[in-house]
Structure formats: C-alpha cells, structure tokens
Amino acid sequence: MVASKSALYHAAIPLLKKVENQFPEHFTTAIFDAGYDYEPIYRQLHKYQMRAVIPYNVRNEGEYLGFDENFRPTCVREHSYRYDSFDEKNRTLKFTRPKECATCPLRDDSLCQKGFKIKCDTDLRKFTYPARGSELWKQLYKERTAVERVNAYLKQYFQLNNIRHRTGRKAKLHFNLVTFIYNACKLAVYRLNALLQVQTQAA
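If you want our numbering, it's the 1-based position in the sequence shown plus 28.
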C-alpha cells in the first residue's frame, strides 16, 4: 500500500526531528518531492539551519504578482531578474537586472530597479536557498532523482516491493542482503570498467 501525501507530510517532521537528534548538525540539505511542499516543513528545516530543495506545489493559490514561476522578481515588461548571490548572514537573496535590460528603452526609467534583495524569512516556502531555478538548486535536485532511480531498480528487479516476512527483523535482514548484493554488483562493474579502460589505453 502506498502512503498518501498527507501521511508522508505528517511523517516528515518527526523524521527530521529524529535525524537531528541522532546526527546533530550533520546534514545541511533536505531534498524532497513536491508532496512535501508545506510551510511547517520549511520552518523545521529553517530551525535546523538546513537548505530546502523542494519543488513548489501550486495549490489553490492565485498568481504571485511581480514574480515568475521561480519567485524571481520581474520588471514592468515581465522579464525575470537574474539570481546573483546569497547573503548567509542576513539570509537574503540578491537578484540583478534581466539581460533584456541592455536594450530596453525603460532601463533608465524610475520603474526599473537595478536589483532586488529579498529576505528568505519573508516567505520560507517561496524564497529558499538555493534559489528556485538556480543551477545549484537543479544540481541538488538531480541527486534526489538519482536516488529514486536506484530505489525503483531495487523494488522492481530485487523485489523489495514484495517482501513477505512476519517479523521486522527478517524484513530488515532481507533488505540489508539485497542492498549489499546491489552495491557489490555496482562495485564489480565499476572495477571491471576501470580495468577495461586501462587495457584499452595500454593497447
């Protein structure tokens, strides 16, 4: 049975508390899918000084005027400002003028700002660090998709979705054996590929 999004959300905060209790200040980033896009989770991560990498889940919310889909400010012609940097001390995102400003007739108009500084505390869910849509945000989220691919592989080919044991102890042993075999296979393939590469270069 697959847990509902609501159940996953309610399980996330106790899990974060347990992780922080057992490994204080060990983890710096939390990467979740859009089902975990709830403000209490962001507040919990903020409390532990962890970065939140969670896709924005549009619900029954109106358009956020003056901002694009990644909550970057937009100019009067609706061009998105570019993410520039993050001030860790003040927890502030800095955005600079869009590239379109170079040829825009309004670039010297009073309506056109040279840049924006937005505190993450303004809205922890919208203004995250790394900034939504930034290269760092995308790079970190790719790590989650890589993990999900491994999980899917283990569930499908190693039948982790079909564990049928009466005790948790046996299920845990089954899981540990499967992951051990998977990691051993990956290590063997890695070493074989490295050896073949050396042989090819020598030839």
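Built from N, CA and C at the ideal position, the CB exists for glycine as well.
Item to check | Contact check, Val47 vs Thr156, beta carbons under 9 angstroms | outcome: In the sequence shown, counting from the first residue as 1, residue 47 sits at position 19. In the sequence shown, counting from the first residue as 1, residue 156 sits at position 128. No, Cβ-Cβ distance for Val47 and Thr156 is not below 9 angstroms.
Checklist entry - So Tyr84 is in the beta strand (DSSP E); what residue range does that whole segment cover? => result Taking the first residue of the sequence shown as position 1, residue 84 is located at position 56. Premise fails: Tyr84 is in no beta strand (DSSP E) and is neither H nor E.
Checklist entry - What are the partner residues of Lys147, as DSSP defines its beta bridges? => result By one-based count along the sequence shown, residue 147 stands at place 119. The partner list for Lys147 (beta bridge, DSSP) reads Thr120.
Item to check | Three-state class that DSSP yields for Ala159 in the structure shown | outcome: In the sequence shown, residue 159 corresponds to position 131, counting from 1. Of the three classes helix, strand and coil, the one that applies to Ala159 here is coil, per DSSP.
Checklist entry - Would the region 111–124 and the region 158–169 be scored as touching if the rule is three or more Cβ pairs under 8 angstroms? => result yes
Checklist entry - Which residues in the same chain have their Cβ closer than 7 angstroms to the Cβ of Pro101, if we skip the five residues on either side of it in sequence? => result Start at 1 with the first residue of the sequence shown, and residue 101 comes out as number 73. Excluding positions up to five away in sequence, the list reads Gly94, Phe95, Tyr109, Phe123 and Phe144.
Item to check | Integer-rounded CB distance, given that Thr57 should sit under 8 angstroms from Leu168 | outcome: As a first step, residue 168 must be located in the sequence shown, where it is residue number 140. As a first step, residue 57 must be located in the sequence shown, where it is residue number 29. Contact flag correct, Cβ pair sits at about 6 angstroms.
Next on the checklist: Helix, strand or coil for Ile191? Go by DSSP, reduced to three states.
Outcome noted: Residue 191 sits at position 163 when you count from the first residue of the sequence shown. In the structure shown, Ile191 sits in coil (DSSP, three-state: anything other than H, G, I, E or B).
Checklist entry - Quick one: complete beta strand (DSSP E) runs, 3+ long, within the region 51–138? => result 57–59, 79–81, 110–115 and 120–124
Item to check | Three-state secondary structure (DSSP) of Cys140 | outcome: Working through the sequence shown from its first residue, we reach residue 140 at position 112. Three-state result, Cys140: coil.
Item to check | Cut-off 7 angstroms between Cβ atoms - residues of its own chain near Tyr70, not counting five sequence neighbours on either side | outcome: Residue 70 sits at position 42 when you count from the first residue of the sequence shown. Excluding sequence neighbours, Tyr70 sits near Ala80, Leu152 and Arg153.
Checklist entry - Rounded to whole angstroms, how far is the Cβ of Lys147 from the Cβ of Asn118, which I believe are closer than 8 angstroms? => result The residue given as residue 147 occupies position 119 in the sequence shown. The residue given as residue 118 occupies position 90 in the sequence shown. The Cβ separation is near 7 angstroms, so the contact holds.
Checklist entry - Does any heavy atom of the ligand PLP sit closer than 8 angstroms to the C-beta of Lys127? => result In terms of ligand content, the structure shown is empty, and the ligand PLP therefore cannot be addressed.
Item to check | Pairwise C-alpha distance: Thr207 and Cys213 | outcome: Translated into positions along the sequence shown, residue 213 becomes position 185. Translated into positions along the sequence shown, residue 207 becomes position 179. Each residue's alpha carbon lies about 10 angstroms from the other.
Next on the checklist: Assuming contact is defined by CB atoms lying nearer than 9 angstroms, are Ile191 and Ala199 in contact in what I supplied?
Outcome noted: For the purposes of this step, residue 191 is taken as residue 163 along the sequence shown, with counting starting at 1. For the purposes of this step, residue 199 is taken as residue 171 along the sequence shown, with counting starting at 1. Taking 9 angstroms as the Cβ cut-off, Ile191 and Ala199 qualify as a contacting pair.
Item to check | Buried or exposed (CB count within 10 angstroms, at least 16 for buried), Leu215 | outcome: Within the sequence shown, numbered from 1, the residue matching residue 215 stands at position 187. Flag for Leu215 reads exposed.
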